[in-house]
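Numbering follows the numbering used here, with no gaps: position 181 of the sequence shown is 185.
Just so it is clear, CB atoms sit at the ideal spot from N, CA and C, and this is done for glycine as well.
Keep in mind it's a predicted model, so treat the numbers as computed, not measured.
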Amino acid sequence: MVSGLNRLYRLLLTLAMFVLFMVWSFALNLTLFPLIYLSPAARLRKQAWSLTVIHRCFRLFGPLAVALGGMRSFQVVGRENLAEVGPCLLIANHPTLIDIVNLMGAVPHCGCVVKRGLWWNPVTAVAVRAAGLIPNNHPEALLANCRAGFEAGRSLVIFPEGTRSPHGGLRPFTRGAAQIALRCDVPIVPVVITCDPPTLTKEEPWYRIPHRAIDFRIEIGRPVTIPPEVTNCEGYPLQVRALTKLLQAEYEQRLGIGQRAQGAEAAAS
């Protein structure tokens, strides 16, 4: 009985958090972001202001969810690794729907690549434009926008899988992260996100609540050194392919995906 009531409470809390996010985003799109967007300040300064607003709003999400009982714990570890680098490319796995909210709340002065549709969504359009978030459209335009962001001192978040990870695994990495890192010559910082038990995944509807409150953890790793087997590849396309393969292997190792698969095969045999 108590367990059932707790799950119902967390279901209603999840719905309330989504509604709060939508209402708060819509309110900011009608008030603060238009003022920033239309202000006479320089474009880069307006983008910095907008990213600061987004960061300060998003960083409240995890602690609020813990305080209300929607999360059992919320951790961000490894922030000191960002002090070693300037503007960088943060790549992350993508197990849940709330990853970008928590990650942009954990890392200040950080933009991201977004779906083109968010530029026209009434809930997000003004904020996305004011903050200079990068639409995922033409590859050359995307790279130019990424380079401009790095030169302005901003880091960038990208999910190499392109969408949420499958339960307990990873999708094949697209080559976008490797292309940005090589063409813009910026450090790569790996971020591992874990959510236990899994929730808000690609395969499950939002209302399928886990049996207990989740533990959410963001682990920011040390910058990845691109090895000679990548830089020595002949030609840019081969370098991109080799770096993509390296990053995928790195994440499979960090998440223990290969070991789990081997263990499952051993148990089945």
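What are the boundary residues of the alpha helix (DSSP H) that includes residue i?
{"i": "A246", "result": "Y240 to L259"}
{"i": "H215", "result": "Element bounds for H215: n/a, residue is neither H nor E."}
{"i": "W53", "result": "R47 to F62"}
{"i": "A71", "result": "F65 to L72"}
{"i": "L174", "result": "It is not in any alpha helix (DSSP H) - L174 carries neither H nor E in the DSSP assignment."}
{"i": "L36", "result": "L36 to L42"}
Taking all protein chains shown into account, do 16 or more other C-beta atoms lie within 10 angstroms of the C-beta of residue i, making it buried, or fewer, making it exposed?
{"i": "R212", "result": "exposed"}
{"i": "M26", "result": "exposed"}
{"i": "R158", "result": "buried"}
{"i": "T235", "result": "exposed"}
{"i": "L259", "result": "buried"}
{"i": "S54", "result": "buried"}
{"i": "L242", "result": "exposed"}
{"i": "S169", "result": "buried"}
{"i": "P164", "result": "buried"}
{"i": "R49", "result": "exposed"}
{"i": "R14", "result": "buried"}
{"i": "L24", "result": "exposed"}
Please list the terminal residues of the continuous beta strand (DSSP E) segment that includes residue i.
{"i": "A96", "result": "L93 to A96"}
Residues bridged to residue i by DSSP?
{"i": "C199", "result": "F220"}
{"i": "S159", "result": "C114"}
{"i": "P139", "result": "V118"}
{"i": "M26", "result": "In the DSSP output, where bridge partners are listed per residue, M26 has none listed."}
{"i": "F78", "result": "F220"}
{"i": "I192", "result": "L93 and V228"}
Any contact between the region 249-259 and the region 189-197? By contact I mean 3 or more CB pairs, one from each, below 8 angstroms.
Because the criterion of three Cβ pairs below 8 angstroms is met, the region 249-259 and the region 189-197 touch.
Would you call the region 133-144 and the region 76-89 touching, i.e. three or more CB-CB distances under 8 angstroms?
no
Pairing CB atoms from the region 97-105 with CB atoms from the region 200-220, are three or more of them under 8 angstroms?
yes
Three or more C-beta pairs closer than 8 angstroms, one from the region 139-152 and one from the region 65-75: is that the case here?
no
Are there three or more Cβ pairs, one per stretch, closer than 8 angstroms when the region 217-230 is compared with the region 171-181?
These segments do not touch.
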